[in-house]
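Residue numbers (this note's numbering): 7 to 615.
Working notes, structure below.
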RNA sequence: GGGGCGGUAGCUCAAUUGGUUAGAGUACCGGACUGUCGAUCCGGUGGUUGCGGGUUCGAGUCCCGUCCGCCUCGCCA
């Protein structure tokens with residue numbers, strides 16, 4: 007076999023006169039008949055033009071070249087020279103070509119389902135996934151794989167410099183309550199017993215801190231058997247970190263440095279010091295716990311003003327528990343927001359439980375709606391009594407539109423938060439070249455679930471209360487939801503352009519505090535002991551204060567390569583229903599395999615509900 | 001589990017209100033051509049219109065079911 011001397015992206019004018027051997031795939035061929043054939047050869051690195059010319063090539067070689075087709079795999083040996091026919095400015099190697107003297111066809115291809123060279127005519131994703139090895143040949147996909155590698159390399163280097171040890175943790179774990187649905191693995195040696203694949207290495211990394219490892223990191227696979235989304239996959243990768251003898255600030259400083267290192271190393275972008283905002287502020291102003299601040303359209307509470315109106319929609323909302331009325335000012339909305347758009351918004355917010363979106367246009371004091379305080383259309387007459395105050399609070403200018411939300415705090419916040427994002431997209435307000443990073447802190451420890459009539463940990467049950475909350479937390483009566491829900495944790499999320507790229511907390515390192523959390527979550531002492539005795543024991547036997555974070559590697563890469571499809575950044579991803587279309591996983595297994603595991607399927611086509 | 005969109009040559013798409021033999025580009029096969037780089041020109045192969053049922057004289061088109069893909073709500077401590 008001809009041995010490669012360079013890659014297809016490396017050849018430059020300085021190599022002119024050199025003999026080289028390139029290996030790769032036929033990206034394109036241009037056959038001018040007996041005597042002149044061009045072939046673009048592609049590998050991971052780039053493209054180089056090969057030329058077969060009867061003045062330099064034997065008839066046998068020309069015949070070989072004549073048969074080459076797209077995606078054949080070849081090794082070509084020849085002399086580099088400046089192109090005869092003028093350079094191709096589209097290629098880094100566009101000034102040179104290789105005059106081939108020897109060609110070896112390493113692998114003749116069957117007609118491929120699609121051509122990696124034809125980026126403009128991409129087949130649908132199903133075809134791409136079924137023939138992933140072809141799809142991954144595309145330069146764009148190679149670029150993404152390289153970026154992902156670059157990120158993991160930067161990650162290991164950064165944390166190594168910061169004194170972290172990379173330590174592996176088990177993939178066959180014990181199922182623990184709370185959280186996502188587990189993927190389960192039956193045990194052969196322990197009939198009737200099951201492992202769970204880790205949702206995250208949470209407990210193990212805490213135990214490593216108790217074990218004196220001081221600083222740990224791992225790039226690890228996590229599994230959550232829930233329905234995916236565009237940015238979520240059941241099997242995904244975390245950059246998992248934990249540090250001992252630290253407070254919240256220490257972790258945040260270290261992790262901010264990590265983000266800065268990655269953005270600098272991959273994109274050359276300087277990430278400035280990150281703002282911090284509280285969970286409460288984020289929910290109030292942006293309607294989500296992961297605000298996108300690349301544009302305005304903030305939510306403004308007008309609950310107090312709404313009480314002064316006779317508007318039914320407002321008063322019904324205010325009658326609810328924690329009822330609120332909020333508004334979004336859309337600058338210049340009178341022109342940009344068509345009736346069709348605003349009608350669509352009413353439908354849009356219904357999926358979040360809201361009733362609709364009242365709309366008012368502000369025309370100014372001299373405008374068409376003079377008798378209703380400068381507002382016109384729809385609800386103008388209802389808000390006339392508070393017109394002046396509304397103008398002042400929202401900072402309205404003539405030509406603005408105001409969109410209202412009125413409901414319980416939870417519903418109104420969610421609906422307007424989602425509407426804010428939709429507005430920004432519809433109006434093209436998002437600057438895709440902007441980077442906005444921030445920390446969201448001071449999350450509540452618990453949320454009360456009305457349906458299940460119990461508390462849930464907002465982050466996870468090992469999150470510590472913020473130090474200034476510790477006494478209040480330990481004293482909180484579990485029958486007093488207001489007291490419990492008021493406790494703020496030592497958790498933190500890193501947000502990039504409105505998406506959570508990482509989240510963590512200072513952990514509980516005192517057994518009495520951990521027991522109190524389990525108690526609030528409704529875990530009896532016996533249950534807690536059964537499920538978590540190893541953790542509670544560890545906390546008894548000398549646990550250092552510690553805390554950490556986990557970044558979503560897939561999401562980091564998604565941002566860095568500007569894609570909104572998580573499957574693009576995973577070499578072999580799964581579909582919406584958890585199938586690998588290439589290997590056809592999951593699949594049936596032998597009865598004998600099941601028997602060994604003491605497992606019998608109850609599945610019948612009818613049983614699938 | 002709910003809602004939405006989609007499935008027609010290998011691939012990307014088209015096909016008046018239901019109406020003749022389902023077309024085009026590209027890939028592939030054959031031929032022509034010495035400076036291309038989306039090469040060009042000529043010819044050709046290629047179809048269970050996802051699958052099953054129904055309505056109809058007649059279904060790619062309408063109806064029901066089902067499978068697959070994507071988006072989304074729920075879910076994701």
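Where a beta carbon is used, it is the ideal one built from N, C-alpha and C, also for glycine.
Quick caveat: nothing in here was measured; it's all calculated off a predicted structure.
Next item on the list: Please name the residue in 391, 352, 117 whose C-alpha comes closest to that of residue 312.
Entry: 391
Note to self: Below 8 angstroms, how does it come out for the segment 205-217 and the segment 172-182: are there three or more Cβ pairs, yes or no?
What the structure shows: yes
Next item on the list: Closer than 6 angstroms by C-beta to residue 57: which residues in its own chain qualify, once you throw out the five before and the five after it? Chain order, please.
Entry: 44, 103, 105
Next item on the list: Counting only the same chain and skipping the five closest in sequence on each side, list residues whose C-beta sits under 8 angstroms from that of residue 563.
Entry: 150, 153, 154, 157, 575
Next item on the list: Below 8 angstroms on the Cβ atoms is my guess for residue 559 versus residue 175; work out the distance and round it to an integer in Å.
Entry: About 16 angstroms; that fails the 8 angstroms criterion.
Next item on the list: Starting from residue 155, follow the alpha helix (DSSP H) in both directions and report where the run begins and ends.
Entry: 145-167
Note to self: Quick check: residue 111 and residue 78, are their CB atoms within less than 8 angstroms of each other?
What the structure shows: yes
Checklist line | Inside the segment 423-477 only - beta strand (DSSP E) runs reaching at least 3 residues | finding: 443-447, 452-455, 460-463
Item checked: Close Cβ partners of residue 366 (< 8 angstroms) along its chain, the five nearest in sequence each way excluded -> 381, 382, 383, 384, 385, 386, 389, 407, 408, 410
Note to self: Whole angstroms are fine: how far does the CA of residue 323 sit from the CA of residue 305?
What the structure shows: 17 angstroms
Checklist line | When 236, 248, 526 are compared against residue 489, the one with the closest alpha-carbon | finding: Considering only alpha carbons, the answer is 526.
Item checked: Limits of the beta strand (DSSP E) - the one that residue 505 falls within -> 505-512
Check: For residue 194, which residues of its own chain have a beta-carbon under 7 angstroms away from its beta-carbon, when the five flanking residues on both sides are left out?
Finding: So the list reads 602, 603, once near-sequence residues are dropped.
Notebook entry, point to check: Can residue 122 and residue 143 be called in contact, C-beta distance under 8 angstroms?
Noted result: yes
Margin query: Give me the residue from 62, 48, 275, 90 with the minimum Cα distance to residue 76.
Written below: 48
Notebook entry, point to check: Per DSSP, what kind of secondary structure is residue 565 in: helix, strand or coil?
Noted result: Under the three-state reduction of DSSP, residue 565 is assigned to helix.
Margin query: In this structure, how does DSSP classify residue 353 when only helix, strand and coil are distinguished?
Written below: helix
Next item on the list: Would you decide whether residue 615 is buried or exposed? Buried here means 16 or more other CB atoms lie within 10 Å of its CB.
Entry: Note that residue 615 scores a pLDDT of 41, beneath 50, so its modelled location is shaky; the value from the coordinates is reported in the next line. The residue in question, residue 615, is exposed, as its Cβ has fewer than 16 Cβ neighbours within 10 Å.
Item checked: Start-to-end residues for the alpha helix (DSSP H) that takes in residue 259 -> Residues 254-273.
Next item on the list: Report yes if the C-beta distance between residue 11 and residue 26 is below 8 angstroms; otherwise report no.
Entry: yes
Check: With residue 496 and residue 471 assumed to form a contact (beta carbons below 8 angstroms), what rounded beta-carbon distance in angstroms separates them?
Finding: Separation of the CB atoms of residue 496 and residue 471 is rounded to 7 angstroms, and the pair is thereby assigned contact status at 8 angstroms.
Checklist line | residue 596 versus 605, 70, 588, 589, residue with shortest Cα-Cα distance | finding: 605
Notebook entry, point to check: CB-CB under 7 angstroms to residue 37, same chain, minus the five flanking residues each way: which ones, in chain order?
Noted result: 43, 72
Next item on the list: Express the C-alpha separation of residue 588 and residue 572 in angstroms, rounding to a whole number.
Entry: 17 angstroms
Check: Do residue 426 and residue 212 have their C-beta atoms closer together than 8 angstroms?
Finding: no
Checklist line | Assigned secondary structure, residue 329 (DSSP; H/G/I helix, E/B strand, else coil) | finding: strand
Notebook entry, point to check: Taking the runs of the beta strand (DSSP E) that are 3 residues or longer, which of them lie wholly in the segment 27-60?
Noted result: 42-49, 52-59
Next item on the list: May I ask which residues mark the beginning and end of the alpha helix (DSSP H) holding residue 537?
Entry: 531-546
Checklist line | Alpha-carbon to alpha-carbon, residue 200 and residue 141 | finding: 37 angstroms
Next item on the list: Using only alpha-carbon positions, find the residue among 61, 32, 505 that is nearest to residue 50.
Entry: 32
Next item on the list: Under 6 angstroms Cβ to Cβ from residue 359, same chain only, skipping five residues before and after it: list those, please.
Entry: 417
Margin query: Across the segment 233-242 and the segment 261-269, are there enough close Cβ pairs to call them in contact, namely three or more that are closer than 8 angstroms?
Written below: no
Next item on the list: Excluding the 5 residues preceding and the 5 following residue 557 in the sequence, name in chain order all residues of the same chain whose CB lies nearer than 7 angstroms to its CB.
Entry: 244, 245, 507, 508
Next item on the list: Spell out the partners DSSP gives residue 108 in its beta bridges.
Entry: 83
Check: Smallest Cα separation from residue 350: which of 429, 485, 317, 449?
Finding: 429
Next item on the list: With DSSP as the reference, please indicate the residues paired to residue 381 in a beta bridge.
Entry: 368
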